[in-house]
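Last residue of the sequence shown: 124 (UniProt numbering), numbering continuous.
The beta carbon of each residue, even a glycine, is placed where N, CA and C say it ideally should be.
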Amino acid sequence: MKSKEFVVGTILGTVAGAIAAILLTPKTGPEIRAKLSFQVENITEKTQKLAHDVTDKTQRIANEVSDMTLEIAKTMSAHTNQLAEKANGLASTVVSGVKSWREDRQLASEGEQAQSDVKTEKLS
């Protein structure tokens, strides 16, 4: 905001100064027109240069922001992949643990059933 105000102030100050200088200097009509024309060209050149400078600076800032955004995205992607790999490893561990627990329970159940069958045969 401050740079915009500065630019507007510079342009208005230059225009006001040029007009005051032209009007306060005793000159003939053609001399005033020539001087006014020169001042208009001068202001136009300064305004174009200033616009070019602002455009260049804006483009540089946009490129820097874009580069930073890409770096952040790459970093986040790498971290996300690492977390996904850890989550997959933990899920595999849990699945293996549950399978092992089920097998152990099934073997224990079969063992109890076999003991029960043996006792029943002995009693018979």
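Run through DSSP, which three-state label would T28 get? Mapped onto the sequence shown, residue 28 falls at position 28. Correct three-state label for T28: coil.
Within 8 Å, do at least three Cβ pairs link the stretch 15-25 to the stretch 36-44? Result yes; three or more Cβ-Cβ pairs closer than 8 Å.
For the stretch 43-59 and the stretch 86-94, state whether three or more C-beta atom pairs, one from each stretch, are separated by less than 8 Å. The stretch 43-59 is not in contact with the stretch 86-94.
Just the Cα atoms here: how many angstroms apart are G13 and G29? Here the question's residue 13 lines up with position 13 in the sequence shown. Here the question's residue 29 lines up with position 29 in the sequence shown. Those two C-alpha atoms are separated by around 24 Å.
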